[in-house]
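Beneath this line is the structure, given in structure tokens, with notes to follow.
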Amino acid sequence: MDDKLKMTLSFYEEEKINLQKMIDDCVDEQDFLIAHYHTIALNQLQNKIDALESIDDRLIDKKKSLQHRIENLERIVKSKGQLGVTTSQQEMLIEARQKLEILNQEKNPILSNTDSSFKFTLIKLLTKRIKKFNLILIKSENFFLEFNFSKRTIKITMPFIKHHQKSYLFDKNSIKTLQRFGFNYTSNSSRLILKYSGNNEEIIEKVITIVSIIVFEIFSPNYFIDESFIEIF
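Going from the sequence shown to our numbering is simple: count from 1 and add 1.
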């Protein structure tokens, strides 16, 4: 794990502790509405932490799930004692520990080199060496972004929005997040479009921010393993 990732995770973990303390204080004071809002913020923060952790360890979700299962089974064994626990529960605990040990020894699957090739392709678009390109994010869901550039303006199109909502790939919060960063519906609400004008450096920064929001906040990097690639036209 690189130093920047460690620092970011450390900052978020501190924020997580502070939010939990604020929730506890609100509950003690019976201010349940504010506690509810803090809980929503805590859940959103945890999603960011999970996404960042998955950059360094693509198996982190499976490991956490197994660890949670192990802890629950250990509590059952401790509360019932060796004589009260069932054979089935003992076997489930042994199996979960073995699975976690195997995962800890596995080599993390590596994402395709889409991130670095994406910036290179974007630069080619901005310097008019290519006409347009698509960033395929989740091939199996036909989820992708279209990139066009004309008159110092980048146009990013996200098609099939209605379909993605019906298939629950997107929810209302996902759409609101995209709109907050500049996406707008077309007249028939079938696509989301973002247009941004500026010099090449400004456009690159804006586009990478948008893609990062999609990958790390709306989804998780694990969604894109073996699903992402670039189409050049």
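For glycine and all other residues, C-beta sits at the position ideal for the given N, C-alpha and C. Being a predicted model, the structure only gives us computed values, none of them experimental.
Here's the rule: buried if 16 or more other CB atoms are within 10 angstroms of the residue's CB, otherwise exposed. What is residue i?
i: PHE119; result: buried
i: MET159; result: buried
i: ILE204; result: buried
i: ILE211; result: buried
i: THR122; result: buried
i: SER11; result: exposed
i: ILE111; result: Unreliable positioning characterises ILE111 in this predicted model, as indicated by a pLDDT of 44, which lies under 50. A coordinate reading is not provided.
i: ASN114; result: Confidence at ASN114 is low in this model, with a pLDDT of 45, below 50, so the placement of that residue is unreliable and no value is reported for it.
i: PHE234; result: exposed
i: PHE144; result: buried
i: LEU34; result: exposed
Tell me the DSSP bridge mates of residue i?
i: THR158; result: GLU147, ILE194
i: PHE230; result: ILE137
i: CYS186; result: In the sequence under discussion, the amino acid at residue 186 is Tyr, which differs from the Cys named in the question. DSSP output for TYR186 lists LEU193 as bridge partner(s).
Taking the alpha helix (DSSP H) that residue i belongs to, which residues open and close that run?
i: LYS207; result: 201–213
i: ASN174; result: 173–181
i: LEU60; result: Note, LEU60: premise wrong, no alpha helix (DSSP H); not H, not E.
i: GLU218; result: Premise fails: GLU218 is in no alpha helix (DSSP H) and is neither H nor E.
i: ILE95; result: 88–106
Taking residue i as the reference, which of the options has the closest Cα?
i: PHE225; options: MET23, GLN31, LEU46, SER55; result: SER55
i: SER190; options: LYS163, LYS196, PHE220; result: LYS163
i: LYS152; options: TYR169, GLY199, LEU67, LEU123; result: GLY199
i: ILE103; options: LYS63, GLN90, ASN185; result: LYS63
i: SER66; options: LEU101, GLN47, ALA52; result: LEU101
i: PHE184; options: ALA42, SER221, HIS39, LYS207; result: LYS207
i: ILE231; options: ASP51, ILE176, LEU146; result: LEU146
Step through the CB atoms of chain C and report whether any lies within less than 7 Å of the CB of residue i.
i: ILE219; result: Note that chain C does not occur in the displayed structure, where there is just one protein chain.
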